[in-house]
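K.L.:
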Amino acid sequence: MDAVDQQKLFFRRVCSSPEIERIFNVKDAKDHLLKLRAETIVDHMRLFRVYRNKALKDEKNWSLEASFDASHYEAVLAKLPKDARTICSTVTCGDIFSDDPNGMIFPTPYGPVITISESLRFFLKFAHLAILEFGDEVPMRIRMNALRIAIRVMLRKEAMDFYMDPRGIVPPRIATAIHAPIPLQLRFIAGHEFSHFILGHLSETNLIDQPIFYALSNAENEYKPVKVYNTSQHNEFDADLQAIMLPRYSSRQRNELLRAALLWFGCLELFYA
0 MDAVDQQKLF FRRVCSSPEI ERIFNVKDAK DHLLKLRAET IVDHMRLFRV
50 YRNKALKDEK NWSLEASFDA SHYEAVLAKL PKDARTICST VTCGDIFSDD
100 PNGMIFPTPY GPVITISESL RFFLKFAHLA ILEFGDEVPM RIRMNALRIA
150 IRVMLRKEAM DFYMDPRGIV PPRIATAIHA PIPLQLRFIA GHEFSHFILG
200 HLSETNLIDQ PIFYALSNAE NEYKPVKVYN TSQHNEFDAD LQAIMLPRYS
250 SRQRNELLRA ALLWFGCLEL FYA
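Residue numbers (numbering that gives the first Met the number 0): 0 to 272.
1) Output yes or no for whether 7 angstroms exceeds the beta carbon distance between D94 and F67.
2) What are the partner residues of K7, as DSSP defines its beta bridges?
3) How long is the line joining the alpha carbons of F193 and R12, rounded to whole angstroms?
4) Does DSSP put V13 in a helix, a strand or coil?
5) Nearest-angstrom Cα distance between E73 and P80?
6) Can you tell which of T114, R120, I86 has the C-alpha that lies nearest to the C-alpha of Q209?
7) Just mark T175 as buried or exposed, buried being the case when its beta carbon has 16 or more other beta carbons within 10 Å.
8) Helix, strand or coil, according to DSSP, for Y50 in the structure here?
9) Which value, in whole angstroms, describes the spacing of the CA atoms of L267 and K7?
10) Using only CA atoms, which one of L261, V227, I181, P182 lies nearest to L274?
11) I'd like to know whether the C-beta atoms of A28 and Y109 end up nearer to each other than 7 angstroms.
12) Quick one: is E117 buried, meaning 16 or more other Cβ sit within 10 Å of its Cβ, or exposed?
13) For F105, which three-state DSSP category applies?
14) Do you know offhand how far V169's Cα is from R84's?
15) For the beta strand (DSSP E) holding I115, just list the boundary residues, first then last.
16) Is P246 near K78, with beta carbons less than 7 angstroms apart?
17) For K26, does the three-state DSSP call read helix, strand or coil?
18) What three-state label does DSSP hand D99 in the structure shown?
19) Less than 7 angstroms separating the beta-carbons of A145 and A158?
20) Specify, as a first and last residue, the run of the alpha helix (DSSP H) that D239 falls within.
21) With H, G and I counted as helix, E and B as strand and the rest as coil, what does DSSP make of Y248?
22) Measuring CB to CB, does Y228 end up less than 7 angstroms from L201?
23) When the distance is taken between beta carbons, is S15 closer than 7 angstroms to S62?
24) Rounded to a whole number of angstroms, what is the C-alpha to C-alpha distance between W263 and Q184?
25) With DSSP as the reference, please indicate the residues paired to V273 in a beta bridge.
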């Protein structure tokens, strides 16, 4: 067994055989994104345990790439005008597991990539539990604990093992309510990132380093710093507006998206306050 075959063994627990070949023979941006996902998971034991357990539940049909939800990107692309959709045809998109709960756009040798971190879902889930109206069904101590967890996620201080340790079980009605806005919020954020690309906000002269996982102490190195596009606050507002107005949504769909986006901004404001 040569050195490459030995390296491949690290990925066999969380990737299919075809995916491993793509990781070691990157040919396009989709392969590049798959490699970034897989290396991040293999290099972090908590994530490795999470995805190994996922793989064990469906060993016959398991695909690491397919385990990441892409519906929020697809929903935006399906509603874009033809010219905007053509512009976005060069963009590869997909979620990753990062401790930075945000979206980002970064260049690769194979074209631009748009990603949203899986950790954002957990921030939203616990922030919703803290601020949505549930009356006496959710005691104040539960709300405060949920708020603490949401803030810790945003500060990158919470362990990313929610699939194995959900931090508590809520009644089905409450669970439905706190999860319901998340698909629309992710759609808004995906639309925001696509809008940066469509509006020409991205410049190779305005790149910053952003790690996939931040160091928790000065003794640690930040994990996989990626050159990501940085944009002005004015451009951020433009992208917010176009995320809602550019796709050809019906009035009802646009109103629902706007409400979800406002809830997302409310969660952010709660954190920054």
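Just so you know, even glycine gets a beta-carbon here, dropped at the ideal spot from N, CA and C. Nothing here was measured: the structure is a model prediction, and the numbers come from that model.
P.N.:
Here's the rundown:
1) Taking the sequence shown and counting its residues from 1, one reaches residue 94 at position 95. Taking the sequence shown and counting its residues from 1, one reaches residue 67 at position 68. Yes, they are a contact pair.
2) Locating residue 7 in the sequence shown gives position 8, where the first residue counts as 1. The partner list for K7 (beta bridge, DSSP) is empty, contrary to what the question assumes.
3) As a position in the sequence shown, residue 193 is number 194, starting the count at 1. As a position in the sequence shown, residue 12 is number 13, starting the count at 1. Rounded to the nearest angstrom, the two C-alpha atoms are 33 angstroms apart.
4) Taking the first residue of the sequence shown as 1, we reach residue 13 at position 14. The answer is coil: DSSP assigns V13 none of H, G, I, E or B.
5) The sequence position of residue 73 within the sequence shown is 74, counting from 1. The sequence position of residue 80 within the sequence shown is 81, counting from 1. One C-alpha to the other measures close to 14 angstroms.
6) In the sequence shown, the residue the question calls residue 209 occupies position 210. The shortest C-alpha to C-alpha distance from Q209 to any of T114, R120, I86 is the one to T114.
7) Counting from 1 along the sequence shown, the entry for residue 175 is found at position 176. Exposed.
8) As a first step, residue 50 is located in the sequence shown; it is residue number 51 there, counting from the start. Of the three classes helix, strand and coil, the one that applies to Y50 here is helix, per DSSP.
9) To locate residue 267, count along the sequence shown from 1; it is residue 268. To locate residue 7, count along the sequence shown from 1; it is residue 8. When rounded, the distance between both Cα atoms is 40 angstroms.
10) Past the boundaries of the shown model lies residue 274; the chain is included only from 0 to 272, so the question cannot be answered.
11) As a working note, residue 28 is residue 29 in the sequence shown. As a working note, residue 109 is residue 110 in the sequence shown. Result yes, Cβ atoms of A28 and Y109 sit closer than 7 angstroms.
12) In the sequence shown, counting from the first residue as 1, residue 117 sits at position 118. Residue environment analysis places E117 among the buried positions, since at least 16 neighbouring C-beta atoms fall within 10 angstroms of its C-beta.
13) By one-based count along the sequence shown, residue 105 stands at place 106. Strand, per DSSP.
14) Indexing the sequence shown from 1 puts residue 169 at position 170. Indexing the sequence shown from 1 puts residue 84 at position 85. Their Cα atoms are separated by approximately 40 angstroms.
15) Along the sequence shown, one-based indexing puts residue 115 at 116. If you look at I115, you'll find it in the beta strand (DSSP E) that goes 112-115.
16) Here the question's residue 246 lines up with position 247 in the sequence shown. Here the question's residue 78 lines up with position 79 in the sequence shown. A contact, by the Cβ cut-off of 7 angstroms.
17) Position 27 of the sequence shown, counting from 1, holds the residue named residue 26. Of the three classes helix, strand and coil, the one that applies to K26 here is coil, per DSSP.
18) Here residue 99 refers to the residue found at position 100 when the sequence shown is read from its first residue. DSSP, read as helix, strand or coil, puts D99 in coil.
19) Here residue 145 refers to the residue found at position 146 of the sequence shown. Here residue 158 refers to the residue found at position 159 of the sequence shown. Taking 7 angstroms as the Cβ cut-off, A145 and A158 do not qualify as a contacting pair.
20) Sequence index remark: in the sequence shown, residue 239 carries index 240 (1-based). Element bounds for D239: 232-244.
21) Here residue 248 refers to the residue found at position 249 of the sequence shown. Coil, per DSSP.
22) The residue given as residue 228 occupies position 229 in the sequence shown. The residue given as residue 201 occupies position 202 in the sequence shown. Against a cut-off of 7 angstroms, the Cβ pair of L201 and Y228 comes out as a contact.
23) In the sequence shown, residue 62 corresponds to position 63, counting from 1. In the sequence shown, residue 15 corresponds to position 16, counting from 1. Yes, Cβ-Cβ distance for S62 and S15 is below 7 angstroms.
24) For the purposes of this step, residue 263 is identified with residue 264 of the sequence shown, where counting begins at 1. For the purposes of this step, residue 184 is identified with residue 185 of the sequence shown, where counting begins at 1. It is roughly 7 angstroms from the alpha-carbon of W263 to the alpha-carbon of Q184.
25) Because the chain in this structure spans residues 0 to 272, residue 273 falls outside the shown range and cannot be described.
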